[in-house]
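Right, one structure below, let's go through it.
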Amino acid sequence: MKKFKSQEPKHKSEEKNEPVVSVQNNFIAHMSHELRSPLNAILGFSQLLAHNKQLPAESREQASIIYRSGEHLLALINQVLDLSKMESGQENLEENNFDLYALLHELEEMFILRAEEKRLKLVLQWNKKLPRYICADESKLRQILHNLFSNAIKFTSQGGVELRVEAQTNPSSSGKDLEIFFELEDSGCGISREEFSKVFLPFQQTKSGEKIQEGTGLGMSISASFVRLMGGKISLESKLNKGSTFRFSIQAQLREVYDVPIKKKHRKVLGLKSSQKKFRLLIADDDKINSLLLRKILEPLEVECKEAENGEKAIDLWRKFCPHLILMDIKMPLMGGLEACQYIKNHSPEKAPIVIALGVSGLPQEKSLLRRVGCDDLLEKPIQEFAVFALLEKYLGLEYIYEENKEEMVTQSAELRFPNQLAMLPEFLQEKLEEAATQADLENIQSMVGIIRQKNPLLALTISGLAHQFDYGKILEGLEEAKSIRG
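The numbers in the sequence shown follow the numbering used here, run straight up by one, and end at 1041.
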């Protein structure tokens, strides 16, 4: 994010080009902050406990359960925010270049265990003609597919769920040269034609949804709005007790591999590399638990850190302590973070410290306020470790020592060592895989991928990817070379 120039706040009558903020949006922004603060502590400390190898395995698993439940609550909060932004016409596309294949694999990894728990088959299919690198709103596409997969698995008790993806070139006046089509079919309980009109309405649930009593009834409404925002259409075909098929399309632009930034994996930070300048950091937050969480996250860096419980104390400590960076909660008693940030930015005798805003709701009017008072960036609650370290790296140029990850020690390009990894599989699995690949049996390959995943997740991902692209020849080549490696 670019550094924002600080300005004196305008009087309301002078803000001619800014949308009027409704009472509803003010309420949503306030409640978002109030909900995210305790959720920040729940997710933050449960994550720290889950990663603490000194604790018994059972305790770490219990911490992981707390974390997953907190994530579910966060998803509900975000759905309400999305709905609020759409109703006020403030939801915009945030397009970026990304790897579509990687997104599809990520979703497969996310839902394969849920499917296996219910003994369902989960299949993703696309051919080599599907462009891999595209420009579109990755976050919204992920949420659309996440909502569709969640519902499909939730309402399916036997059979399976299958996603099919294809694309066609479709030059348009908007500059989008691709139309990508998604079709998600399940063998679940289905929806009666009389209830079709309910599916895409907010807070409405079908009879099958009422029986399960899960969710808010917002997921499909938000998905439909996102599809329209991305220039596409969504439709439903379903028969009661026979299953459902959701179809939707989006507009996108074709990209090349060099256009797509490499995503860094989130690795555990152990400390700072030697010979680095020590830095001073100020945490301004009236919630002591949130301050404690940030201190715990920062422990590996041995940072010199002080705390302030309101904006006035933050200004006082800024004068005495001269921090390089301030983590500033925007809602505090006596003086809030926005006012304190503006004062510090306007009264710094030399170089002003970096100010990162904490606790924003994500609504556009709040982000606009951050720009006007001079905040350099934002850190949304619930706070995640990797996000804190990424911001410190970005603004202070810190270099970290990371914990070695055994999975990452396997080459990131798993296909380069594909035969070696295949050679490590039991012979009966290699034989079954060879038979399925020879017969181009995608369903059978996916069954074996579930078994292989328990031993080698990266190998399972590689096999699954090749099968989805119908590249059975490469699987057979790898197996043939694996035989010679095994001797």
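Beta carbons are placed, not taken as given, at the ideal position from N, Cα and C, and that holds for glycine.
Run of the beta strand (DSSP E) containing residue i, from where it starts to where it stops
i            : result
residue 1003 : It is not in any beta strand (DSSP E) - residue 1003 instead sits in the alpha helix (DSSP H) that spans 996 to 1007.
residue 793  : 788 to 793
residue 803  : 797 to 808
residue 859  : 858 to 862
residue 721  : 714 to 723
residue 752  : Segment 750 to 753 is the alpha helix (DSSP H) holding residue 752; no beta strand (DSSP E) there.
residue 834  : 834 to 838
residue 1017 : It is not in any beta strand (DSSP E) - residue 1017 instead sits in the alpha helix (DSSP H) that spans 1011 to 1022.
residue 882  : 879 to 883
residue 932  : 931 to 933
For residue i, three-class secondary structure by DSSP
i            : result
residue 664  : helix
residue 686  : coil
residue 953  : coil
residue 588  : helix
residue 679  : strand
residue 825  : strand
residue 628  : helix
residue 653  : strand
residue 763  : Unreliable placement is indicated for residue 763, whose pLDDT of 49 sits below 50; the coordinate value is still reported in the next sentence. Helix.
residue 1034 : helix
residue 731  : coil
residue 813  : helix
residue 658  : helix
residue 967  : Here the model assigns residue 967 a pLDDT of 41, short of 50, so the residue's position is not dependable and the matter cannot be decided.
residue 574  : Here residue 574 scores only 38 on pLDDT, less than 50, and its place in the model is too uncertain to base an answer on.
residue 738  : strand
residue 945  : helix
residue 646  : coil
residue 925  : helix
residue 594  : helix
residue 938  : coil
residue 601  : helix
residue 499  : The requested residue 499 is not part of the displayed model; the chain covers only 555 to 1041.
residue 745  : coil
residue 904  : coil
residue 608  : coil
residue 711  : coil
Residue i - containing alpha helix (DSSP H), residue span
i           : result
residue 972 : 972 to 977
residue 869 : 865 to 875
residue 908 : Looking at the DSSP string, residue 908 is not in any alpha helix (DSSP H); the run it does join, the beta strand (DSSP E), is 908 to 912.
residue 898 : 891 to 901
residue 774 : 773 to 783
residue 692 : 692 to 708
residue 983 : 981 to 992
residue 851 : 842 to 852
Selected residue, minimal CA-CA separation from residue i, among the options
i            : options                  : result
residue 886  : 911, 691, 715 and 810    : 911
residue 843  : 946, 752, 883 and 755    : 883
residue 833  : 903, 913, 620 and 856    : 856
residue 946  : 928, 1011 and 878        : 878
residue 812  : 1019, 870 and 651        : 651
residue 647  : 612, 782 and 703         : 782
residue 1036 : 851, 606 and 985         : 985
residue 865  : 881, 848, 873 and 893    : 893
residue 711  : 785, 754 and 797         : 797
residue 795  : 744, 606 and 786         : 744
residue 702  : 776, 680 and 684         : 776
residue 598  : 862, 849, 988 and 875    : 849
residue 688  : 752, 610, 631 and 815    : 815
residue 1011 : 778, 667, 589 and 635    : 667
residue 681  : 1004, 1034, 610 and 1024 : 1024
residue 790  : 859, 746 and 930         : 746
residue 793  : 741, 934, 786 and 820    : 741
Contact test: residue i Cβ vs the ligand ATP heavy atom, cutoff 8 Å
i           : result
residue 694 : As presented, the structure is devoid of all ligands, the ligand ATP included, so that no description of it is given.
Integer Cβ distance of residue i from residue j, believed to fall under 8 Å
i            : j            : result
residue 686  : residue 653  : 6 Å
residue 1018 : residue 993  : Their Cβ separation, rounded to whole angstroms, is 17 Å, which puts residue 1018 and residue 993 out of contact at 8 Å.
residue 1029 : residue 1020 : 5 Å
residue 614  : residue 604  : 5 Å
residue 659  : residue 932  : Contact doesn't hold; Cβ gap of about 30 Å is too wide.
Original post:
Is there contact between the stretch 835 to 845 and the stretch 794 to 814, where contact requires at least three CB pairs shorter than 8 Å?
Top reply: Short answer: they don't touch.
**OP:** Taking 8 Å as the threshold, find out whether the stretch 666 to 679 comes into contact with the stretch 715 to 726 through three or more Cβ pairs.
**Re:** Short answer: they touch.
**OP:** Inspect the CB distances between the stretch 896 to 906 and the stretch 939 to 955 and report whether three or more fall short of 8 Å.
**Re:** The stretch 896 to 906 is not in contact with the stretch 939 to 955.
**OP:** Would you check if the stretch 735 to 747 and the stretch 788 to 805 touch, i.e. whether three or more CB-CB distances between them fall below 8 Å?
**Re:** Short answer: they touch.
**OP:** Check whether the stretch 974 to 984 touches the stretch 686 to 703, taking contact to mean three or more Cβ pairs, one atom from each stretch, closer than 8 Å.
**Re:** The answer is no - the stretch 686 to 703 does not touch the stretch 974 to 984, with fewer than three Cβ pairs under 8 Å.
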